[in-house]
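A.B. asks: Quick one: the structure is below, and I'll ask about it shortly.
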Amino acid sequence: MSQAADGHHVNPKHEQSHGMDHPASYYVKLWALLLVLLVISIAGPMLGHKVLTMITAFGIAGVKALIVAAFFMHLNVEKRFVWYMLVTMLLAVLMFFLGTAADVMKYEGAHWTKPSAYLYTEEFKKAFSGGEEHDSHDAEDEDSKALPYVPYGAKATNGAMGHSSPKPEHH
Amino acid sequence: MTTHASADHAHGADNHGHHELTFLQKYVFSTDHKVIGLQYFMTGVFMGVLGALASYVFRMQMAFPGASVPGFGLVTPQIYNQMVTNHGTIMIFWFAMPVLIAAFGNYLIPLMIGCDDMVFPRLNRLSYQIFLFSAVLLIASFFVPYGGFGGAWTSYPPLASNPVYNQTPYGAPMWLGAVALEFVAFLLGGINFITTLMNARAPGMKMYDIPMVVWMIVIASILFMASVGPLIAGAAMLLFDQTLGTGFFDPARGGDPLLWEHLFWFFGHPEVYVVLLPAMGIVAEVLTVFARKKLFAYRTVLWTAVATGVLSFFVWAHHQFVAGIDPRMANIFTVTTLLISVPITEMSFVYIGTLYGASIQLSTPMLFAIAFIVEFLIGGVTGIFLGASGADIYFHDTYFVLAHFHYTFVPIAVIAVFAGVYHWFPKMFGRYMNDTWGRIHFWGTAVPFNGIFIPLFYTGMAGDHRRTFDHLNFPDLARADLIFWRQFATVSLLIMLGFQVIFFINFFYSMFRGKKAPANPWNANTFEWVAASPPPHGNFPTLPHCYRGPYEYSVPGRATDFWPQNEPAPKT
Amino acid sequence: MWWLLGSEITIFGGLLICYIMMRIMYAPWSEAAAHTNTLAGSINTFVLLTSSLFAVLAHHAAEHKNGKLAALYLWLTIGGALTFLVVKSIEWTNEIRHGYTITSNTFWSFYYTAAGLHGLHVIAGATAMAIVSFDCLRGKNLQRVEIVGIYWHFVDIIWIFLFPLLYIAK
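Protein chains in written order, with this note's numbering: chain A, 1016 to 1186; chain B, 2 to 573; chain C, 65 to 234.
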């Protein structure tokens, strides 16, 4: 089969035999479907229910992505291995998540806590719940929002998070 | 002849070879894979020399702390950090990868699969240009105020993210930018290798007829592509932490330094297999040619290479056993790490099996190939100690680790590379390298190498920590025997470096004055030996057709002990 | 191109995984996230989806060897890219004026980094499409329309995921 300069397969009979020869209206209809999905995903949060919002927002994102991938990018007629390769890349990303989440997503364990996480979230809440009213002017002000470095062993300022950090032997 | 047509069309201006190309077109801005391969080789070797000089400087400091290093001067702690950081970074990213993958890959792949160039020649040239720019950027980082980056090649925050800690406010982002650009260059290059192998093979060349080194380089490219992504994201995050003051890795700002470690090592571990696999491929080629015997178990090697690649994505946190990761994860990673030694050992045993019962010719490339197997096995075995998280609690960050990874990296990046250079030099330049000097170079490299790192296993076990400017600051480490072994290691390094001079003289002299070599000086089977030495632009006057596998040596009943892939089967 | 996209998946995937992990962990980020401009985000999603339509129509035209029509659709796609960038600039200027900069807190750091990286890919895509369109007008290299189209659809898909992550999940 002929190969163009970029090594990409181009064969006029190729698209017709593989059903790529759609009229333009086919793509316009798909676009309309994508817009409908977009509207649903924007409307989702207005229903208020958090889990429902997550499902509509991310589920629809997934569906939209699949529509674009399969139909606009013609993955449905491309060689199978392209799907496998892309899925493999996604699996690699998933693997990264699985290995990292256990460390990054926790701020306490059986014998340890990450005190800066508590302080960060407390200070953060204080800084931002009162924060929208002030029009702070730009990057120079970030120091007022930057938090002080928290030395190891500091306790959370309120007991709301429950645990206090274990006292280290040496400071 | 469609592949011929496509590559021809893609060549654009330097088409058909009928008109004379200017020097710039032929050597500087070429799209010919052989020229680009040699450009990567020369740049990579140049950077490797810089990395070796850095090791000279800091080893002198380790052996004779506080003394002025001849040819350099006094080594301050800052300079020590910079030397150590850039030695590691340069050797991995600007020496091992370019030479093993980009140089050998670019040069050999089109030749070995019987086509006239890569499928994307201009993308190939672009990838070299980006690579060259990244190398220049890294070198430039040494000349800015406060010097090059000194935060270790692993660049952990907050040392790497906070200029107050690493004291190299300009060098750090430049280093990071150079590394990121090098990644981009290799992503682009990898696309070329994979697509060329998939699309441009000679007619008749089926999956198991492909020479092993080509498979290995392509598998390595795929591994690289799948693993480098999170680190590129992390590099952007670190760059912003360094320059803009964001808090991605700052715990006080909600970030997590451990996140960087995961981002880095998720790539960092597959990376070592990215460099290992091409080296094993080169060794496979050299072994089969000089053992006059087929590879003991081609499919086993191929599929264990794939298995190794896949497994390599599941082991990365063994670099973080003592970093405060969840101990349950440490359990899992211990198991996977110990598991991954199995396929690699299997490949090594296949290579030994290839030697068994063979008519071994101890040529210079063969000497290096055999040394690779021996020394890499030592490296691999010492890795087992480190893979067990319990033992690693003691060994982590000591010279034991360092000796382990040099026992793997040096065979990969130095010994296997020399095997490849001596083997393919006649093809690349049409002349033989001097064999006697090659053997002297071999003994002067393979033996002193052990003299450097075996003592370091010992000093590591005794407690020498890595990245320490002066061990004498620690009373327990100021023992006479440790001081002796550190000096022994440094002297061995000096000897080893000295012998490399022989290689360079041999290399450049032979390029112009070596004895002329025919197309197939080693009586080998694979397609690159069909082309003239050196191959012209377009490689083959007529593209070869593949009739058999690449390792049909000593086939009973034949007059000669080799059977080139392009020779049609005799009509009976 | 597919191999390039494969590696890009890991780049954006890595970045977004880091974001997701921290977002789930730090409940107070939802207060910062409340300040992202959903209207601007929705407009941009609409713009990118439409530009993807134009890109696939350009491919369609190229398959039928209609270089001039393909070039027209490519320029409509580029128009979408430029609109996207304009809306984004207005949005970001507004946010910065309200004090939400890249260093305000880590949510905003991720926001600007992820959207910024995406924006760089938008610029690159638009540039590539412009270059391809010049050849198309002369009827040359029409196969490249499909290739830049695939890249463009990928840029769109990234945004399809960025949109709920940064704008909807509050």
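Ideal Cβ placement from N, Cα and C applies to all residues, glycine included. As the structure is a computational prediction, the values presented were derived from the model and not from experiment.
Residues of chain B with a CB under 8 Å from the CB of Ala1080 of chain A: which are they?
C.D. replies: Residues of chain B passing the Cβ test: none, with the nearest at roughly 17 Å.
A.B. asks: How big is the Cα-Cα spacing for Trp1127 of chain A and Gln321 of chain B?
C.D. replies: Rounded to whole angstroms, Trp1127 of chain A to Gln321 of chain B spans 17 Å at the Cα level.
A.B. asks: If you reduce the DSSP assignment to three classes, tell me which class Thr346 of chain B lands in.
C.D. replies: The answer is helix: DSSP assigns Thr346 of chain B an H, G or I state.
A.B. asks: Fully enclosed by the region 210–280 of chain B, which alpha helix (DSSP H) runs are 4 residues long or longer?
C.D. replies: Taking only runs of at least 4 residues, the alpha helix (DSSP H) segments lying wholly in the region 210–280 of chain B are 213–244.
A.B. asks: Measuring straight from C-alpha to C-alpha, what distance separates Ala292 of chain B and Ile361 of chain B?
C.D. replies: Cα-Cα distance, rounded: 4 Å.
A.B. asks: For Phe541 of chain B, count neighbouring C-beta atoms within 10 Å of its own C-beta (all shown protein chains included) and say buried if the count is 16 or more, exposed if not.
C.D. replies: By the 10 Å Cβ count, Phe541 of chain B comes out buried.
A.B. asks: In chain D, what lies closer than 8 Å to Leu230 of chain C by C-beta?
C.D. replies: The chain inventory of the structure shown lacks chain D, comprising the protein chains A, B and C.
A.B. asks: List, in order along the chain, the chain C residues whose C-beta lies closer than 9 Å to that of Gly256 of chain B?
C.D. replies: By Cβ distance, chain C contributes Met86, Thr170 and Ser173.
A.B. asks: Taking 7 Å as the limit between beta carbons, can you name the residues of its chain near Ser1032 of chain A, skipping five residues before and five after?
C.D. replies: Because Ser1032 of chain A carries a pLDDT of 44, less than 50, the predicted location of this residue cannot be relied on, and the following value inherits that uncertainty. None.
A.B. asks: Rounded to a whole number of angstroms, what is the C-alpha to C-alpha distance between Met98 of chain B and Gly45 of chain B?
C.D. replies: Using only the alpha carbons, I get a separation of about 8 Å.
A.B. asks: So which residues on chain A does Ser576 of chain B lean against when the C-beta distance must stay under 8 Å?
C.D. replies: Residue 576 of chain B lies beyond the range of chain B shown here (2 to 573); nothing can be said about it.
A.B. asks: Is Phe267 of chain B near Pro231 of chain B, with beta carbons less than 9 Å apart?
C.D. replies: Result yes, Cβ atoms of Phe267 of chain B and Pro231 of chain B sit closer than 9 Å.
A.B. asks: Can the beta-carbon of Ala103 of chain B be found closer than 9 Å to that of Ser142 of chain B?
C.D. replies: Going by C-beta atoms, Ala103 of chain B is not nearer than 9 Å to Ser142 of chain B.
A.B. asks: Any heavy atom of the ligand FMN closer than 8 Å to the beta-carbon of Phe265 of chain B?
C.D. replies: In the structure shown, the ligand FMN is absent, as is every other ligand, since no ligand is present at all.
A.B. asks: Do Leu260 of chain B and Phe249 of chain B have their beta-carbon atoms positioned less than 9 Å apart in this structure?
C.D. replies: Yes; because the gap between Cβ atoms is below 9 Å, this pair is in contact.
A.B. asks: Among residues of its own chain, excluding the 5 on either side of Leu222 of chain C, which ones have a beta-carbon nearer than 6 Å to its beta-carbon?
C.D. replies: Per the sequence shown, residue 222 of chain C should be read as Ile rather than Leu. Closer than 6 Å at the Cβ level, and outside the excluded window around Ile222 of chain C, lie Phe76 and His182.
A.B. asks: How would you call Pro1183 of chain A, buried or exposed, if buried means at least 16 neighbouring beta carbons within 10 angstroms?
C.D. replies: With a pLDDT of 38 at Pro1183 of chain A, under the threshold of 50, the modelled position of that residue is not reliable, and no figure is offered here.
A.B. asks: May I ask which residues mark the beginning and end of the alpha helix (DSSP H) holding Glu210 of chain C?
C.D. replies: Unbroken alpha helix (DSSP H) run through Glu210 of chain C: Gln207 to Phe227.
A.B. asks: For Glu1123 of chain A, list the residues DSSP reports as bridge partners.
C.D. replies: In DSSP, Glu1123 of chain A forms a bridge with A:Thr1128.
A.B. asks: When you compare each of C:Val120, C:Phe174 and C:Asn205 to Phe241 of chain B by their alpha carbons, which one comes out closest?
C.D. replies: Measuring from the Cα of Phe241 of chain B, the nearest candidate turns out to be C:Phe174.
A.B. asks: Give the residues of chain C in contact with Val1066 of chain A, contact being defined as C-beta atoms less than 8 Å apart.
C.D. replies: By Cβ distance, chain C contributes nothing, its closest Cβ being about 12 Å from Val1066 of chain A, past 8 Å.
A.B. asks: Count the other CB atoms within 10 Å of the CB of Gln26 of chain B; is the residue buried (16 or more) or exposed (fewer)?
C.D. replies: Exposed, since its Cβ has fewer than 16 Cβ neighbours within 10 Å.
A.B. asks: Answer yes or no: do Ile114 of chain B and Met208 of chain B have a C-beta to C-beta separation smaller than 9 Å?
C.D. replies: Taking 9 Å as the Cβ cut-off, Ile114 of chain B and Met208 of chain B do not qualify as a contacting pair.
A.B. asks: Any Cβ of chain B within less than 9 Å of the Cβ of Thr1071 of chain A?
C.D. replies: No, Thr1071 of chain A does not count as interfacial toward chain B.
A.B. asks: Going by DSSP, what residues sit across from Gly149 of chain B in a beta bridge?
C.D. replies: According to DSSP, Gly149 of chain B bridges with B:Gly172.
A.B. asks: According to DSSP, is Phe1111 of chain A part of a helix, a strand, or is it coil?
C.D. replies: Three-state DSSP puts Phe1111 of chain A in a helix.
A.B. asks: Determine the DSSP secondary structure at Gly67 of chain B, reduced to helix, strand or coil.
C.D. replies: Coil at Gly67 of chain B, not helix or strand.
A.B. asks: If you measure between the beta carbons of Gly452 of chain B and Val402 of chain B, is that distance less than 9 Å?
C.D. replies: Not in contact: Gly452 of chain B and Val402 of chain B (Cβ atoms no closer than 9 Å).
A.B. asks: Residues of chain C with CB under 9 Å from Gly235 of chain B, in chain order?
C.D. replies: Neighbours of Gly235 of chain B on chain C, chain order: Gly78, Leu79 and Cys82.
A.B. asks: Could you check the C-alpha separation between Asp118 of chain B and Leu39 of chain B for me, to the nearest Å?
C.D. replies: Those two C-alpha atoms are separated by around 14 Å.
A.B. asks: Compute the distance between the beta-carbons of Pro66 of chain B and His466 of chain B, then report whether it is under 9 Å.
C.D. replies: Cβ distance not < 9 Å, so Pro66 of chain B and His466 of chain B don't count as in contact.
A.B. asks: Could you tell me the alpha carbon to alpha carbon distance between Ala1169 of chain A and Val1119 of chain A, rounded to whole angstroms?
C.D. replies: At Ala1169 of chain A the pLDDT is 41, less than 50, meaning the model places this residue with poor confidence; the figure from the coordinates comes in the next sentence. Going by the C-alpha atoms only, they are around 19 Å apart.
A.B. asks: Put His546 of chain B into one of helix, strand or coil per three-state DSSP.
C.D. replies: His546 of chain B falls in the coil class under three-state DSSP.
A.B. asks: Would you please verify whether the beta carbon of Pro252 of chain B is less than 9 Å from any beta carbon of chain A?
C.D. replies: At least one chain A Cβ lies under 9 Å of Pro252 of chain B.
A.B. asks: Measuring only between beta-carbons, confirm whether Gly246 of chain B sits less than 9 Å from chain C.
C.D. replies: Yes, its Cβ sits closer than 9 Å to a Cβ of chain C.
A.B. asks: I want to verify the contact list: residues of chain A whose CB lies under 7 Å from the CB of Trp530 of chain B, in sequence order.
C.D. replies: Under the 7 Å cutoff, chain A gives no residues; its nearest Cβ is about 26 Å from Trp530 of chain B.
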